[in-house]
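Mapped onto the numbering used here, the consecutive letters of the sequence shown carry residue numbers 9 to 324. Note that beta-carbon positions come from the ideal geometry of N, C-alpha and C, so glycine has one too.
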Amino acid sequence: DFLTQFTSFQVALSCQKEHQFITPVVEGKVSSSEARSSEMDNRVEELEAETKGLRGELAEARHAVEVARCEAANAEKALSKVDDVRPEYEKLKVVHAEVMEELERVRAEGEALREEILVLKEREAVRLAKAEEEQENDENVNSVNLVAGGGIEEELARLREAVEVEKSRRVEADSRAAEAERARRMDEEIADRAREDHDSDMEAMALEGERLKAKLDHYRCLNTELEETIERVREEKVGVEEEMAALRGAVEENGGPAGVVEKLKEVEEREVAMKAELDGVQKVAVETENSLLVEVELIRSVAEEAEREVKRLESR
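Here's what the structure looks like:
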């Protein structure tokens, strides 16, 4: 690492001083080393300014994370509204029970009508048999009973009229029974359709809730990754500051030998690489923030859709 290399450099430098290997050329480079040190100080100041800017951007990213957390909390509240649909489901059960009771009542009325029709049919059969018997008896009566026969014909006419009335009543009863059966079937179809719609709506709401929970988990993972990235950037910044402080001390201690100049070049290259890495981290933070905003907008739209679904169920 850098400290090991720098220690090796100090040992080599002390050996050079002990053996008087420092030439006047090295002494002539002191001024250029000092200028290089001044440039390095300016570079350090620029890096500190960039660090301050990065801190401001990190503060903005944290604010965006807090906003995203608030949006996620609102989405969780919207998910809790799914539980409000359960009372509507209970009400629908009560309505379904009432519909079934009404259907049972209609069935009972239909059975009563069928029994009444059977009674009317039996009465009609009895009257027809009685009328035929009386008609046969009338045909066997002699002319002395013509007056009585006229009365029987009137009775037969009355019986025929009664039979026609009973037939019309039977037709009316059949139509009423058919109407009741049709109403019962319509009620059953409506109840089945309502039950299927409600089951599908509840299943869709459950799936939507699971999807929202998955989105929230994904958001939490992104938030954790962003916090880890921020912490890593902070640690790297501290390391850079420590390296810069050590470099300034080394320059002041050794007076700017050629080896220190090479180290300064290496540190400058590392600064450039660190800046590029910080730019990459900043770009990743911006992309992560944009992704979070998109996820939050999606969660909000899903929550609004869930509210509309709940309102639609309540209107039913």
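When the Cα atoms are used, what is the spatial distance from Glu236 to Glu317?
In the sequence shown, the residue the question calls residue 236 occupies position 228. In the sequence shown, the residue the question calls residue 317 occupies position 309. When rounded, the distance between both Cα atoms is 38 Å.
Pick from Ser309, Lys283 and Val310: whose alpha carbon is nearest that of Glu54?
On the sequence shown, position 46 is the one that residue 54 refers to. Relative to Glu54, the option among Ser309, Lys283 and Val310 whose CA is nearest is Lys283.
So which of Glu244, Glu180, Val173 and Glu315 has the shortest CA-CA distance to Ala281?
Numbered from 1 along the sequence shown, position 273 holds the residue referred to as residue 281. The shortest C-alpha separation from Ala281 is found at Glu244.
If you count every other CB in all the chains shown that lies within 10 Å of the CB of Leu300, and 16 or more means buried, which is it?
Within the sequence shown, residue 300 is the residue found at index 292, counting from 1. That one is buried.
Please classify Ala311: is it buried, with 16 or more other beta-carbons within 10 angstroms of its beta-carbon, or exposed?
As a position in the sequence shown, residue 311 is number 303, starting the count at 1. Buried is the call here.
Alpha carbon to alpha carbon, how far is Ala253 from Val246?
Counting from 1 along the sequence shown, the entry for residue 253 is found at position 245. Counting from 1 along the sequence shown, the entry for residue 246 is found at position 238. When rounded, the distance between both Cα atoms is 11 Å.
Around the Cβ of Leu126, are there at least 16 other Cβ atoms within 10 angstroms (buried) or fewer (exposed)?
As a position in the sequence shown, residue 126 is number 118, starting the count at 1. Label assigned to Leu126: exposed.
Excluding the 5 residues flanking Arg190 on each side, which residues of the same chain have their C-beta closer than 7 Å to its C-beta?
Residue numbering aside, residue 190 sits at position 182 when the sequence shown is read from its first letter. Once the five neighbours on either side are set aside, Arg190 has no close Cβ partner at all.
Who are the near neighbours of Glu239 in its chain, counting only those whose CB is closer than 7 Å to its CB and skipping five residues on each side?
As a first step, residue 239 is located in the sequence shown; it is residue number 231 there, counting from the start. No residues qualify anywhere along the chain.
Straight-line CA distance for Lys273 to Glu297?
For the purposes of this step, residue 273 is taken as the residue at position 265 of the sequence shown. For the purposes of this step, residue 297 is taken as the residue at position 289 of the sequence shown. Those two C-alpha atoms are separated by around 36 Å.
What residue from Glu169, Arg135 and Thr232 has the CA that sits closest to Arg77's CA?
Numbered from its first residue, the sequence shown carries residue 77 at position 69. It is Thr232.
Would you call Ala314 buried or exposed, if buried means 16 or more other Cβ atoms sit within 10 Å of its Cβ?
Looking up residue 314 in the sequence shown gives position 306. Burial is judged here by how many other beta carbons sit within 10 angstroms of a residue's own beta carbon; Ala314 has at least 16 and is buried.
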